[in-house]
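Novice: Before we start, here is the structure in question, set down as structure tokens.
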Amino acid sequence: MNQNQPPKVAKWLLRHFGSSPNIEAIVGDLDERYSQGRSYLWYWREALQAIVTGFCQEVSGHKVLAIRALLLGWLVKFAWQRLSFPMFFWAACNENPNSCGVLFDWHSHWFMPLLLASVTASVALCIMSVWLVSRTSGQHYRSMVLLYVLVEVLAVPAMIFAGPKHAIVVVLFPGGSSMLWAAPFTTYFYVGLSKLGYPFETVISLWFGCILMALTMLMAGRIFNAPEPASQGQVM
């Protein structure tokens, strides 16, 4: 008999990232089999497999809900994109008409306050979009939020592979203006590292920006909350 406790981290990940409606039954089954002599690595493998399998089954079994969740999140982003860039441009020109032709003038005294205000608003809109996806997806909110976050994370390397100029757009354009939620988070790091004189600030900012974006979106989507009972009403 294996007297050790099951891996706590693997169990926590399974409980909070597992999308299956029977997640507690799965956890109980793994705990029982672990106590009967299964190995530490076996538990980790089964837990990760359960997370991936449950996610794929939930998304493939609720395609309409998955599409709706993505469209809802992107609708918020698109609306912010259409609003934020004209507002940013108008504010810049109103402050200094001579700078309208060079919108992103880092040396202008008005640029940094406007940029940080736009970036902060972008982060707030990002949080709101994930919250809406979570609240409108019923008991399937975990898989829908994970899908939304996964798409946003994968969009960053896709943009980078599209060309170096696209990578710069990810960093310099605030929030919805780049059509990536990673942009405002990346901008925070980029501005800070640039002020401190760190080398390779673009690459470092992209990495840390993506990590901060993912964590923020997961928290806004209630992924780190205690799992909810399976008795919630279904959303088809």
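With this note's numbering as the guide, the letters of the sequence shown map in order to residues 32 to 267.
C-beta: ideal position from N, C-alpha, C; glycine also.
1) Per DSSP, what kind of secondary structure is I235 in: helix, strand or coil?
2) Under 7 Å Cβ to Cβ from M175, same chain only, skipping five residues before and after it: list those, please.
3) Thinking C-beta only, is S149 closer than 8 Å to G104?
4) Could you check what DSSP says for P38 in three-state terms: helix, strand or coil?
5) Could you please give the first and the last residue of the uninterrupted alpha helix (DSSP H) stretch that includes L185?
6) In whole angstroms, what separates the C-alpha of A41 from that of G240?
7) Tell me, to the nearest whole angstrom, how far the beta carbon of E89 is from that of S50; I am working on the premise that it is less than 8 Å.
8) My assumption, with CB atoms under 8 Å, is that C157 sits in contact with W238. Please give the rounded CB distance.
9) Could you tell me whether the Cβ atoms of L177 and F86 are closer together than 8 Å?
Specialist: Reading off the structure:
1) For the purposes of this step, residue 235 is taken as residue 204 along the sequence shown, with counting starting at 1. Three-state result, I235: helix.
2) Reading the sequence shown from its first residue, position 144 is the one you call residue 175. These residues qualify, in order along the chain: L96, A97, A100, V164 and S168.
3) Taking the sequence shown and counting its residues from 1, the one referred to as residue 104 is at position 73. Taking the sequence shown and counting its residues from 1, the one referred to as residue 149 is at position 118. No, Cβ-Cβ distance for G104 and S149 is not below 8 Å.
4) Reading the sequence shown from its first residue, position 7 is the one you call residue 38. DSSP places P38 in coil when its eight states are reduced to three.
5) Start at 1 with the first residue of the sequence shown, and residue 185 comes out as number 154. For L185, the enclosing alpha helix (DSSP H) begins and ends at Y172 to F192.
6) Start at 1 with the first residue of the sequence shown, and residue 41 comes out as number 10. Start at 1 with the first residue of the sequence shown, and residue 240 comes out as number 209. Going from the Cα of A41 to the Cα of G240 covers about 26 Å.
7) What you label residue 89 is simply residue 58 of the sequence shown in a count that begins at 1. What you label residue 50 is simply residue 19 of the sequence shown in a count that begins at 1. Contact between E89 and S50 holds: their C-beta atoms lie close to 4 Å from each other, under 8 Å.
8) Counting from 1 along the sequence shown, the entry for residue 157 is found at position 126. Counting from 1 along the sequence shown, the entry for residue 238 is found at position 207. Wrong, their Cβ atoms sit about 18 Å apart, outside the cutoff.
9) Within the sequence shown, the letter at position 146 stands for residue 177. Within the sequence shown, the letter at position 55 stands for residue 86. Their beta carbons are under 8 Å apart, which means L177 touches F86 by this criterion.
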